[in-house]
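Heads up, the thing below is written out as structure tokens.
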Amino acid sequence: MRRPCPPSPAAPPRSSATSSPPAAWACRAASNRRRSHERGGPMAKILEGVRVLDFSRVAAAPLCTLLLADFGAEVIKVEAPGVGDDSRTLPPLLGKWPYHFTQWNRGKKSVTLDLRKPEARKIALDIAKKSDVIVENFKPGMMKAWGLSYDDVKAVNPRAVYASLSGFGQTGPYSPMMAYDFAVVAMGGLTGMNGEPDKPPMPLPFSVADFHSPLYLTIAILAAIMQQRQTGQGQWIDISMHDTVWYLVGSFAIPKYFAENVVIERTGGENEMAGRGVFKAKDDYIYIGCVSNRQWQTMLKLVGGDELANDPDWAGRKGRRKHRQDADALIDVWLSDKTAEEAMQILLKNRVASGIVKSVDQLLHDTHIAARGMIKEVDQPGVGKLKVIGSPFQHMSGMQYDFNKPAPELGQHNRDVYASILGFDDAKLAQLREQGVI
Numbered sequence: 007m008r009r010p011c012p013p014s015p016a017a018p019p020r021s022s023a024t025s026s027p028p029a030a031w032a033c034r035a036a037s038n039r040r041r042s043h044e045r046g047g048p049m050a051k052i053l054e055g056v057r058v059l060d061f062s063r064v065a066a067a068p069l070c071t072l073l074l075a076d077f078g079a080e081v082i083k084v085e086a087p088g089v090g091d092d093s094r095t096l097p098p099l100l101g102k103w104p105y106h107f108t109q110w111n112r113g114k115k116s117v118t119l120d121l122r123k124p125e126a127r128k129i130a131l132d133i134a135k136k137s138d139v140i141v142e143n144f145k146p147g148m149m150k151a152w153g154l155s156y157d158d159v160k161a162v163n164p165r166a167v168y169a170s171l172s173g174f175g176q177t178g179p180y181s182p183m184m185a186y187d188f189a190v191v192a193m194g195g196l197t198g199m200n201g202e203p204d205k206p207p208m209p210l211p212f213s214v215a216d217f218h219s220p221l222y223l224t225i226a227i228l229a230a231i232m233q234q235r236q237t238g239q240g241q242w243i244d245i246s247m248h249d250t251v252w253y254l255v256g257s258f259a260i261p262k263y264f265a266e267n268v269v270i271e272r273t274g275g276e277n278e279m280a281g282r283g284v285f286k287a288k289d290d291y292i293y294i295g296c297v298s299n300r301q302w303q304t305m306l307k308l309v310g311g312d313e314l315a316n317d318p319d320w321a322g323r324k325g326r327r328k329h330r331q332d333a334d335a336l337i338d339v340w341l342s343d344k345t346a347e348e349a350m351q352i353l354l355k356n357r358v359a360s361g362i363v364k365s366v367d368q369l370l371h372d373t374h375i376a377a378r379g380m381i382k383e384v385d386q387p388g389v390g391k392l393k394v395i396g397s398p399f400q401h402m403s404g405m406q407y408d409f410n411k412p413a414p415e416l417g418q419h420n421r422d423v424y425a426s427i428l429g430f431d432d433a434k435l436a437q438l439r440e441q442g443v444i
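Under this note's numbering, think of the first position of the sequence shown as 7, with each following residue one higher.
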């Protein structure tokens with residue numbers, strides 16, 4: 007039998023920064039979520055009631071605040087008057103709408119502030135005082151120069167979670183460097199691993215750091231919000247795109263180096279062991295990945311019969327290295343009269359890991375992508391139905407997930423935000439516009 011929750015005191019105003027949330031609020035929130043779940047009805051969004059002041063621009067950090075908005079947070083995006091986020095000019099365009107900006111900023115509110123002006127910085131700090139989370143991805147030191155650093159925000163709002171995403175972090179010798187995705191990926195070791203061994207390293211075909219680092223930023227913010235609710239205190243989150251790239255590379259490179267004294271080099275499409283890699287079937291490419299010795303033995307049986315599968319000279323890692331070229335040639339012959347789909351089904355039936363190497367065009371029309379809702383539609387004013395990427399987080403049984411929220415016009419929410427949070431009237435807003443502050 008569940009204990010009843012204690013009586014709830016009146017909630018403090020959002021600007022209150024000293025009191026941690028009483029147990030009664032947490033108890034009743036959990037109770038409401040539990041009752042809703044038991045009824046089978048939709049539950050409140052996880053971050054409903056959380057206000058995020060978003061100074062981020064372009065791709066990486068805006069993808070984090072997109073996730074926060076999808077989880078139910080109120081995200082107030084701060085943009086420069088007249089020009090807005092840099093991604094508002096990125097092609098391709100649909101009418102006046104830049105596709106990337108629309109996809110990365112749906113569901114957010116847009117306000118304009120010229121942070122070069124002292125009055126604008128004061129307004130930003132006043133909103134930060136009444137926000138739960140602040141997100142920024144400027145070059146380290148920029149927010150401090152504007153009087154909007156973590157210390158500045160903490161002085162007026164100790165419970166604020168302040169999240170900084172930068173190319174190389176707030177500390178370290180690389181910290182001041184100009185940071186674009188391709189440079190961070192190169193400096194993080196990923197570019198150096200990609201390509202043929204006898205040719206220059208190959209840049210990756212997409213922005214790894216820009217699309218990988220927001221996940222770490224989001225996870226850190228969610229953890230900090232949990233601590234904020236438990237203690238009433240905020241903290242500064244320092245996420246480096248370079249750290250997240252090295253996390254990918256180092257997780258593989260460190261064991262190889264310190265256990266085997268092996269430095270990972272470029273191998274192109276080759277693998278040191280047979281039975282792993284991309285192979286050509288009759289109509290398409292397929293990736294075969296014999297991970298275990300059992301899978302390798304099964305593969306040998308498929309391509310060479312029982313005699314080969316039971317030959318100890320071909321067994322294990324040693325055999326796979328020794329006979330890599332011969333084994334891969336046998337796999338090529340086995341695949342030559344099979345479609346990639348036929349080969350994959352045979353391999354999967356025999357519990358050998360494999361998958362068709364699908365093109366982007368195939369995935370855009372893929373039945374599994376459609377079934378999982380990984381391409382969505384948004385009603386974007388001036389465009390109509392706009393296809394956007396779905397979210398891997400949408401399949402959570404206890405949370406509402408609403409994709410159909412358009413991206414904002416530049417400064418669309420100036421009146422709403424400045425009036426509701428700071429009490430500005432129309433005369434004040436007109437004055438700020440005339441002064442170029444908003």
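No residue lacks a Cβ here, since even glycine has one placed at the ideal position from N, Cα and C. Keep in mind the model is a prediction, meaning the values are calculated, not measured.
Of the listed residues GLY173, LEU196, ARG165 and ALA169, nearest to GLN236 (C-alpha basis): Among GLY173, LEU196, ARG165 and ALA169, the Cα nearest to that of GLN236 is on ARG165.
Indicate whether ASN420 and THR118 have their beta-carbon atoms separated by less than 9 Å. For ASN420 and THR118, yes; Cβs fall inside 9 Å.
Can you give the Cα-Cα distance for GLY361 and ILE292, rounded to whole angstroms? Approximately 6 Å between the Cα atoms of the pair.
Endpoints, the beta strand (DSSP E) within which ALA436 is located: No beta strand (DSSP E) contains ALA436, which is instead part of the alpha helix (DSSP H) from 432-440.
Can you look up VAL389 in the DSSP assignment and give me helix, strand or coil? Here VAL389 sits in coil by DSSP.
Going by alpha carbons, who is nearest to PHE77 out of GLU440, GLY417, HIS401 and ASP432? Of the listed residues, the one whose Cα sits closest to PHE77 is HIS401.
Using the rule of at least 16 other Cβ atoms within 10 Å of the residue's Cβ for burial, across every protein chain shown, is ILE231 buried or exposed? Classification for ILE231: buried.
Contact belief for VAL167 with GLN241 at Cβ below 8 Å, rounded distance in angstroms: About 6 Å separates the two Cβ atoms, so the contact holds.
Can you look up GLY175 in the DSSP assignment and give me helix, strand or coil? Here DSSP, grouped into helix, strand and coil, assigns GLY175 to coil.
Name the DSSP bridge partner or partners of TYR168? In the DSSP output, where bridge partners are listed per residue, TYR168 has ILE140 and TRP242.
Within the same chain, show all residues whose beta-carbon is closer than 7 Å to that of LEU69, passing over the 5 residues directly before and after it, in chain order. Cβ within range, chain order: TRP110, PHE217 and PRO220.
TRP252 versus LEU228 - alpha carbon distance: Distance from the CA of TRP252 to the CA of LEU228, rounded to the nearest whole angstrom, comes to 22 Å.
Just mark SER365 as buried or exposed, buried being the case when its beta carbon has 16 or more other beta carbons within 10 Å. By the C-beta density criterion, SER365 is exposed, having fewer than 16 other C-beta atoms within 10 angstroms.
Less than 9 Å between the beta carbons of ALA259 and ILE270, yes or no? Contact: yes.
Write down every uninterrupted run of the beta strand (DSSP E) in the stretch 208-271 whose length is 3 residues or greater and which is fully enclosed by it, in chain order. Within the stretch 208-271, the complete beta strand (DSSP E) runs of at least 3 residues are 241-246.
Leaving out five residues on either side along the sequence, give the residues of the same chain with a beta carbon under 7 Å from the beta carbon of ASP158. Only LEU131 meet the Cβ criterion.
VAL297 versus GLY322, LEU308 and LYS411, residue with shortest Cα-Cα distance: The shortest C-alpha separation from VAL297 is found at GLY322.
Quick check: the stretch 82-101 against the stretch 146-157, are there 3 or more CB pairs under 8 Å? Because the criterion of three Cβ pairs below 8 Å is not met, the stretch 82-101 and the stretch 146-157 do not touch.
Do three or more CB pairs link the stretch 299-309 to the stretch 341-361 at distances below 8 Å? The stretch 299-309, when compared against the stretch 341-361, does touch it at the 8 Å Cβ threshold.
Reduced DSSP category for PHE107 - H, G, I as helix; E, B as strand; rest coil: Taken through DSSP and simplified to helix, strand or coil, PHE107 comes out as helix.
Among HIS106, ASN200, ALA79 and LYS102, the one whose alpha carbon lies nearest that of ARG63: The residue with the shortest Cα to Cα distance from ARG63 is HIS106.
Secondary structure at TYR291, three-state DSSP: helix, strand or coil? Here TYR291 sits in strand by DSSP.
Along the chain, which unbroken stretches of the beta strand (DSSP E) at least 3 residues long are found entirely within the stretch 346-410? Along the stretch 346-410, the beta strand (DSSP E) occurs as fully enclosed runs of 3 or more residues at 360-362, 381-386 and 390-395, listed in sequence order.
Can you give me the C-alpha to C-alpha distance between ASP60 and VAL214, rounded to a whole angstrom? When rounded, the separation of the alpha-carbon atoms in ASP60 and VAL214 is 22 Å.
Thinking just about the alpha-carbon of each residue, which of ALA65, PRO97, LYS136 and PRO124 is nearest to the one in GLY55? Shortest Cα-Cα distance from GLY55 to any of ALA65, PRO97, LYS136 and PRO124 involves LYS136.
Classify ARG41 as buried or exposed, calling it buried when 16 or more other Cβ atoms lie within 10 Å of its own Cβ. Confidence at ARG41 is low in this model, with a pLDDT of 46, below 50, so the placement of that residue is unreliable and no value is reported for it.
Roughly how many angstroms lie between the CA atoms of THR71 and ARG57, to the nearest whole one? Cα to Cα, THR71 sits roughly 11 Å from ARG57.
Can you round the beta-carbon distance between GLN386 and ALA413 to whole angstroms, since I take them to be within the 8 Å contact cut? Contact holds; Cβ gap of about 7 Å.
Would you report the Cα separation of ALA349 and HIS329, rounded to the nearest angstrom? Spanning the two alpha carbons is a distance of roughly 22 Å.
Here's a check: name, in chain order, each residue in its chain whose Cβ is nearer than 8 Å to the Cβ of ALA388, leaving out the five neighbours to either side. First, the amino acid is wrong: residue 388 is Gly here, not Ala. Taken in chain order, the residues that qualify are GLY101, LYS102 and TRP103.
Using only alpha-carbon positions, find the residue among ASP290, LYS205 and LEU171 that is nearest to ILE243. Comparing Cα-Cα distances from ILE243 to each of ASP290, LYS205 and LEU171, the minimum goes to LEU171.
Is there at least one non-hydrogen atom of the ligand COA closer than 8 Å to the beta-carbon of THR177? Questions concerning the ligand COA fall outside what the structure shown contains, since it holds no ligand whatsoever.
Figure out for me which residue from PRO203, LYS382 and PHE399 has the closest Cα to the Cα of LYS391. Checking every option, the nearest Cα to that of LYS391 belongs to LYS382.
Which of helix, strand or coil does DSSP assign to LEU428? Secondary structure at LEU428: helix, using DSSP grouped into helix, strand and coil.
Less than 9 Å between the beta carbons of TYR222 and THR197, yes or no? Taking 9 Å as the Cβ cut-off, TYR222 and THR197 do not qualify as a contacting pair.
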